[in-house]
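First the structure, in the form of structure tokens, and then the observations on it.
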Amino acid sequence: MKVKGSAPGKLMLFGEHAVIYNYPCIVTTVSPRIYVEAEITPGQFNIDAPQVKNVRFVEETVKLFSKKYNVDNKLLIKTYSDFSSQYGFGSSSAVTVATIYALSKIYKIKLSKREIFDLGYKVILNIQGVGSGFDIAAAIFGGTLYFVIGGKVIEPLSVKELSLVIGYSGVKADTTKIVKNLEFRIHNSELEYRKIFEKIGRIVEEAKISLVNGDWEKSGELMNQNHQLLQELGVSTEKLNRMCLTAIESGAYGAKLSGAGGGDCMIALVSKDKKEDVESSIVDAGGEIINVKINV
Ligand code: PMV
């Protein structure tokens with residue numbers, strides 16, 4: 142018998158980095174998904190995952206799952222993906238959650254969302270050593286979420302028609318490295334960084350209201366402020382800054398980097414009539430437009 146599990150990728154809207162230090166963030170899902178197929182085999186445990194990075198997450202998930210629920214792990218597992226891991230859409234967390242779904246189906250173990258979160262978050266921490274778990278929550282709950290580290294708060298937000306342009310900077314970011322580097326710098330000047338995180342925390346609280354109210358002008362303004370603070374944290378790049386600036390100059394409500402920084406994607410909040418202009422300006426700045434549905 143073959144079973145399948147799947148989970149979507151994510152995009153950070155507000156609050157990256159500060160979320161590691163106990164401030165909230167807002168995350169949304171993207172339409173591309175990762176699929177995991179599992180089958181019980183008489184032979185050896187085997188994984189066929191085209192994205193090599195995913196293998197470690199699948200292995201760790203199977204290890205923790207079989208230990209916790211006392212099941213055999215003689216499985217053949219295959220993964221398929223709608224998206225490349227290079228965009229920073231959270232392929233590791235999506236593959237982790239999709240593997241838990243597949244395993245719970247094959248062994249007929251009913252798990253609550255909370256149990257799936259706790260297991261998935263443990264996998265991420267065991268492999269990366271750092272992370273808030275926002276990506277695991279997004280893969281499980283879908284839609285747009287207000288989130289606090291470790292799933293202390295996972296609150297679905299009712300956000301309608303979020304119109305975003307996503308621009309890939311062409312550079313793959315190393316999230317773990319950037320998070321650890323920031324941690325190192327904070328050690329030496331704690332207070333300065335605390336002030337920035339507090340400001341980001343306030344922006345997230347305001348964005349929670351403006352997004353639910355569909356106040357795009359306010360939300361765009363908050364994105365710009367959030368990006369400015371990420372620049373002050375030293376996690377942005379020249380290219381991301383250029384892409385954000387040109388998006389705003391072409392009529393976006395606001396723009397910011399999304400995720401750890403150092404590369405990956407930026408996002409711009411746009412009205413329908415400005416979408417094309419913003420997209421072509423990002424391409425002119427050397428970015429690649431990623432066309433996906435969001436808030437799914
Ligand atoms: O690089 P991404 O898209 O995985 O986002 C990382 C966001 C951080 O806040 C920097 C880390 C985290 O786990 O919350």
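Here the sequence shown is numbered in the working numbering, starting from 142 and rising by one per residue. We put the CB at the ideal spot given by N, CA and C, even for glycine.
Proximity winner among the options, relative to residue i (alpha-carbon distances)
| i | options | result |
| --- | --- | --- |
| residue 185 | 346, 215, 425, 206 | 215 |
| residue 373 | 387, 398, 279 | 398 |
| residue 179 | 314, 144, 262, 369 | 144 |
| residue 371 | 146, 142, 156 | 156 |
| residue 221 | 213, 245, 194, 201 | 194 |
| residue 426 | 352, 391, 225 | 391 |
| residue 235 | 305, 351, 304, 192 | 192 |
| residue 404 | 329, 325, 308 | 308 |
| residue 341 | 367, 320, 326 | 367 |
| residue 298 | 286, 336, 256, 332 | 286 |
Proximity test, residue i beta-carbon vs the ligand PMV heavy atom, cut-off 7 Å
| i | result |
| --- | --- |
| residue 275 | yes |
| residue 324 | no |
| residue 153 | yes |
| residue 161 | yes |
| residue 235 | no |
| residue 157 | yes |
| residue 320 | yes |
| residue 259 | no |
Residue i - DSSP class collapsed to helix/strand/coil
| i | result |
| --- | --- |
| residue 142 | coil |
| residue 162 | helix |
| residue 156 | coil |
| residue 230 | coil |
| residue 259 | helix |
| residue 431 | coil |
| residue 299 | coil |
Buried or exposed (CB count within 10 angstroms, at least 16 for buried), residue i
| i | result |
| --- | --- |
| residue 302 | exposed |
| residue 306 | buried |
| residue 350 | exposed |
| residue 251 | exposed |
| residue 142 | exposed |
Chain C contact for residue i (CB, 8 Å cutoff)
| i | result |
| --- | --- |
| residue 259 | Judged by its chain identifiers, the structure shown contains no chain C, having just a single protein chain. |
At least 3 beta-carbon pairs within less than 8 Å: the region 144-153 vs the region 169-182:
Result yes; three or more Cβ-Cβ pairs closer than 8 Å.
Any 3 or more C-beta pairs closer than 8 Å across the region 409-424 and the region 380-389:
Judged by Cβ distances under 8 Å, the region 409-424 makes contact with the region 380-389, as three or more pairs qualify.
Do the region 241-248 and the region 421-437 make contact, defined as three or more Cβ pairs closer than 8 Å?
Not touching, per the Cβ criterion.
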